[in-house]
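A.B. asks:
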Amino acid sequence: MAIASARHILVSSEEKCLELKSQIEAGATDFAECAQKFSQCPSGRKGGDLGQFAPGQMVKEFDEVVFSGEVGKVLGPVKTQFGYHLIEVTKRS
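So the sequence shown is numbered by our numbering: it starts at -3 and just counts up by one.
What follows is the structure in structure tokens.
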């Protein structure tokens, strides 16, 4: 069974998500730092770290990106019922 580790940043708008993604990709800020400042998820306090999880443990849209996207790359915006996510898959096996 596949297992992944990921971190994410949850915000309320696609515009904010794209703005943060640009800053991270440009090296102007760090993913974890950005999560601590802007994420609306309690995981933001831990730099967005969600720990390890298997397929089906997260909402469908999130799951699809985590288990098919490139490891180590900032992925998103991904829209779910909770808002807009930037996702970084840190490990997948």
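Ideal Cβ placement from N, Cα and C applies to all residues, glycine included.
(1) Mind checking whether Leu82 and Val70 have CB atoms under 7 Å apart?
(2) Could you check which residue in Ser35, Val85 and Gln53 has the C-alpha nearest to that of Lys12?
(3) Please look up how many angstroms separate the CB atoms of Ala31 and Thr86, rounded, as I've assumed it's under 8 Å.
(4) Going by C-alpha distance, which of Ala(-2), Ala0 and Val7 is nearest Gly72?
(5) Going by other Cβ atoms of all chains shown within 10 Å of its Cβ, with 16 needed for buried, is Ala(-2) buried or exposed?
(6) Could you pull out every unbroken alpha helix (DSSP H) segment of at least 4 residues lying fully inside the region 1 to 68, listed in chain order?
(7) Please identify the residue among Asp45, Ser39, Gln48 and Lys75 whose C-alpha is closest to the C-alpha of Lys56.
(8) Using only the alpha-carbon positions, how far apart do Phe78 and Ser39 sit?
C.D. replies: From the atom records:
(1) yes
(2) Ser35
(3) Actually they are not in contact, since the Cβ atoms of Ala31 and Thr86 sit about 12 Å apart, beyond 8 Å.
(4) Val7
(5) exposed
(6) 10 to 21, 27 to 34 and 56 to 62
(7) Lys75
(8) 14 Å
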